[in-house]
Structure formats: structure tokens, C-alpha cells
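J.:
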Amino acid sequence: MNETEAHNRETETAVRAALYLFPVPLSATSKPADVLPEGNARLLKGIRHFIVENVRSARRFLKRVDPSTDINALTFTVLDEHTPRTEVDAMLAPLSEGFPIGVISEAGCPAVADPGADAVAVAQRKGFDVVPLVGPSSILMALMGSGFNGQSFAFNGYLPIETAKRTTRLKEMERRIQRERQTQIFIETPYRNNRLIAELCRSLPPNLLLCVASDITGDRQSIITRPLSAWSKATYNYDKTPTIFLLYS
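Here's what the structure looks like:
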């Protein structure tokens with residue numbers, strides 16, 4: 004073992020073996036130091052094995068947190084929506100050897116509407132420690148800024164693409180709002196954001212409230228709540244920008 008390898012092993016063992024869930028900035032313009040605790044950066048320095056949704060963005064994130072990071076000394080394993088679940092067990096091998104592993108998503112919190120949840124499930128089943136870390140969550144930050152019910156809410160992910168199923172889902176969310184006073188949260192492929200707002204205005208009661216939370220923590224952050232009747236007359240352009248949608252009454 005050469006001097007560099009010995010130093011890396013000593014640094015890594017300073018962080019106890021666990022699966023660490025590292026949130027990352029939501030916007031490309033967000034500085035890590037502005038949205039992440041300093042403690043996250045300290046932990047990252049002690050980890051050499053990472054499970055990531057995208058290697059390029061993970062490497063870029065680590066360099067933004069600490070420009071002195073030796074990327075070539077790190078190992079990256081991809082866990083994305085196409086990864087067979089049968090391959091996830093092997094990704095946690097370093098934990099069995101006493102080494103910590105970091106999980107990094109494309110944006111926001113890993114394992115929340117994110118493939119990293121599969122790694123967490125395996126870690127829990129095998130009895131490994133799981134350590135979720137503080138950082139930005141677009142879902143919670145959108146809810147915080149909406150003015151809607153924060154005690155009862157549901158995240159619905161993407162709406163169905165097929166028209167009939169999509170209409171059914173929207174009506175189900177409307178019923179939950181009216182009967183349970185439950186905030187409904189969902190997302191759309193960014194290039195369809197504008198069309199989604201127009202569809203909501205056509206399909207749902209005009210007095211229903213819609214909050215559009217876009218580019219959260221970014222330079223163009225916008226969180227606006229208004230009735231659908233007002234959205235139908237408004238001028239906006241949210242296409243190609245990561246956006247969260249919330250409905251309430």
C-alpha cells in the first residue's frame with residue numbers, strides 16, 4: 004500500500020460505515036455552500052465509494068463542494084431507473100467490508116422520488132445503518148412556499164400520459180382535496196410544464212388553487228399561488244425549467 008492509498012484508507016475509516024444519503028443542489032446555479040450544511044462536506048471527504056444516479060453530475064457536484072477532491076480515487080456505481088434490482092445488493096459490498104457509502108441523486112434528496120430508494124431498502128434489509136442528511140427537497144420547499152395544508156399532503160409523481168387515465172387521476176386528486184383537505188403535489192416533464200397548466204385550467208374547477216414552484220433555490224426561483232381562473236388568464240413560461248405543481252382549495 005503506497006502513501007496515497009494509506010492516507011485515503013485512514014480518511015475513509017474516520018467516517019463510520021453506513022449508507023449516507025447526500026442531498027445535492029436543486030438548481031445548476033445554486034452554490035452547494037448556500038443550500039447544504041458544512042457537515043455534509045466534511046463527511047464527503049471521508050467517503051470513497053458512491054452510488055449515484057449519474058456519474059458525470061455526481062463528479063461535478065463533488066468538485067463543486069471541494070475542488071481539491073481527487074475524483075480518480077473514488078469509485079462510482081450507477082443506480083438509475085434502468086438498473087435491475089438484482090444488481091443493487093452487490094453495490095453495498097463496501098459496507099460489508101466496513102467502508103461507508105454515499106448515495107447521490109441527480110438533484111435534491113436521494114431516495115425521495117429517486118432510484119436511491121432501492122439501495123436504502125437493501126441496506127435496511129441487511130441491517131446496515133442508514134444516515135439521511137439535511138439538504139434541499141423540492142417537494143417540501145414547494146409545499147412550504149405554497150400556503151397549502153402541510154399536515155396532510157400527497158406526492159403523486161408524474162401524471163399518467165394516457166388521456167383517460169390522466170383525467171381520472173386529476174379527478175381523484177380533486178376529490179381528495181375536497182373530502183380530505185389534502186394538498187396534492189405532482190411533477191411533469193419540464194418541456195410540458197406550460198401545457199400542463201393549460202390542461203389543469205380546462206379540466207378542474209376555476210376556484211381550485213394551483214401553486215407553481217419553479218427553479219427552487221435557483222436564480223429564477225418563482226413560487227406563485229393563484230386560482231386556476233387567474234392562471235387561465237396569466238402570462239407565464241415554465242417550459243424546460245424544473246417545476247413542482249400543487250393543488251388545494
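Counting from 1 along the sequence shown, just add 3 to a position and that's the residue number in the numbering used here.
Note that beta-carbon positions come from the ideal geometry of N, C-alpha and C, so glycine has one too.
Give a yes or no on whether the C-beta atoms belonging to Ile50 and Val81 are separated by under 8 Å.
T.: Counting from one through the sequence shown, the residue named residue 50 turns up at place 47. Counting from one through the sequence shown, the residue named residue 81 turns up at place 78. In this structure, Val81 does not lie closer than 8 Å to Ile50 by Cβ.
J.: Looking only at its chain, what residues have a beta carbon closer than 8 Å to the beta carbon of Pro40, apart from the 5 residues adjacent to it on each side?
T.: For the purposes of this step, residue 40 is taken as residue 37 along the sequence shown, with counting starting at 1. Result list for Pro40: Leu136, Val137 and Gly138, in chain order.
J.: Going by the CB atoms, is the gap between Ala126 and Leu47 shorter than 8 Å?
T.: Here the question's residue 47 lines up with position 44 in the sequence shown. Here the question's residue 126 lines up with position 123 in the sequence shown. Not in contact: Leu47 and Ala126 (Cβ atoms no closer than 8 Å).
J.: Given this structure, state the Cα-to-Cα distance separating Leu98 from Ile54, to the nearest angstrom.
T.: Counting from one through the sequence shown, the residue named residue 98 turns up at place 95. Counting from one through the sequence shown, the residue named residue 54 turns up at place 51. The alpha-carbon atoms of Leu98 and Ile54 are separated by roughly 12 Å.
J.: If you drop the 5 nearest sequence neighbours on each side, which residues of the same chain put their C-beta closer than 6 Å to that of Pro209?
T.: Within the sequence shown, residue 209 is the residue found at index 206, counting from 1. If we look at Pro209 and ignore the five residues flanking it on each side, its Cβ neighbours are Leu231 and Ser232.
J.: Grab the span of the alpha helix (DSSP H) containing Ser3 for me, first residue to last.
T.: The question about residue 3 has no answer, for the chain in this structure spans 4 to 252.
J.: Can you give me the start and stop residues for the beta strand (DSSP E) that Cys214 sits inside?
T.: Start at 1 with the first residue of the sequence shown, and residue 214 comes out as number 211. Where Cys214 is concerned, the enclosing beta strand (DSSP E) stretches over Leu212 to Ser217.
J.: At the level of alpha carbons, what is the spacing between Arg62 and Phe248?
T.: Working through the sequence shown from its first residue, we reach residue 62 at position 59. Working through the sequence shown from its first residue, we reach residue 248 at position 245. Rounded to whole angstroms, Arg62 to Phe248 spans 30 Å at the Cα level.
J.: In the DSSP assignment, find the unbroken beta strand (DSSP E) run with Ser149 in it and report its ends.
T.: Taking the sequence shown and counting its residues from 1, one reaches residue 149 at position 146. Looking at the DSSP string, Ser149 is not in any beta strand (DSSP E); the run it does join, the alpha helix (DSSP H), is Ser141 to Ser149.
J.: Can Asn240 and Thr186 be called in contact, C-beta distance under 8 Å?
T.: Along the sequence shown, one-based indexing puts residue 240 at 237. Along the sequence shown, one-based indexing puts residue 186 at 183. In this structure, Thr186 does not lie closer than 8 Å to Asn240 by Cβ.
J.: Could you pull out every residue in the same chain whose Cβ sits closer than 6 Å to the Cβ of Pro113, ignoring the five residues on either side in sequence?
T.: Stepping through the sequence shown from its first residue, residue 113 is reached at position 110. Hits under 6 Å: Leu24, Val106 and Gly119.
J.: Tell me whether Val134 sits in a helix, a strand or coil according to DSSP, three-state version.
T.: Counted from its first residue, the sequence shown places residue 134 at position 131. Three-state result, Val134: strand.
J.: What separation, rounded to the nearest whole angstrom, lies between the Cα atoms of Thr244 and Leu162?
T.: On the sequence shown, position 241 is the one that residue 244 refers to. On the sequence shown, position 159 is the one that residue 162 refers to. Their backbone Cα atoms lie some 17 Å apart in a straight line.
J.: Going by C-alpha to C-alpha distance, which of Thr86, Glu175, Arg205 and Arg198 sits closest to Asp121?
T.: Looking up residue 121 in the sequence shown gives position 118. Answer by Cα proximity: Thr86.
J.: Please list, in chain order, all residues of the same chain as Ala237 whose beta carbon is under 8 Å from its beta carbon, the five residues on each side excluded.
T.: Taking the first residue of the sequence shown as 1, we reach residue 237 at position 234. Excluding sequence neighbours, Ala237 sits near Arg229.
J.: Once DSSP output is grouped into helix, strand and coil, what is the label at Gly42?
T.: Residue numbering aside, residue 42 sits at position 39 when the sequence shown is read from its first letter. Residue state, collapsed to three classes: helix.
J.: Give me the Cα-Cα distance between Asp132 and Ile200, rounded to the nearest whole angstrom.
T.: Residue 132 sits at position 129 when you count from the first residue of the sequence shown. Residue 200 sits at position 197 when you count from the first residue of the sequence shown. Rounded to whole angstroms, Asp132 to Ile200 spans 42 Å at the Cα level.
J.: Would you identify the three-state DSSP class for Gly105, choosing helix, strand or coil?
T.: Along the sequence shown, one-based indexing puts residue 105 at 102. Residue state, collapsed to three classes: strand.
J.: Identify the continuous alpha helix (DSSP H) that holds Ala97 and give its terminal residues.
T.: Numbered from its first residue, the sequence shown carries residue 97 at position 94. In the sequence as displayed, the identity of residue 97 is Pro instead of Ala. Ala96 to Ser99 is the span of the alpha helix (DSSP H), which, as asked, contains Pro97.
J.: What whole-angstrom Cβ distance do Glu109 and Glu56 have, given they're in contact under 8 Å?
T.: Position 106 of the sequence shown, counted from the first residue, corresponds to residue 109. Position 53 of the sequence shown, counted from the first residue, corresponds to residue 56. Right, their Cβ atoms sit about 5 Å apart.
J.: Can you tell me the Cα-Cα spacing of Ala157 and Ser149, whole angstroms?
T.: On the sequence shown, position 154 is the one that residue 157 refers to. On the sequence shown, position 146 is the one that residue 149 refers to. Distance between the alpha carbons of Ala157 and Ser149 is about 14 Å.
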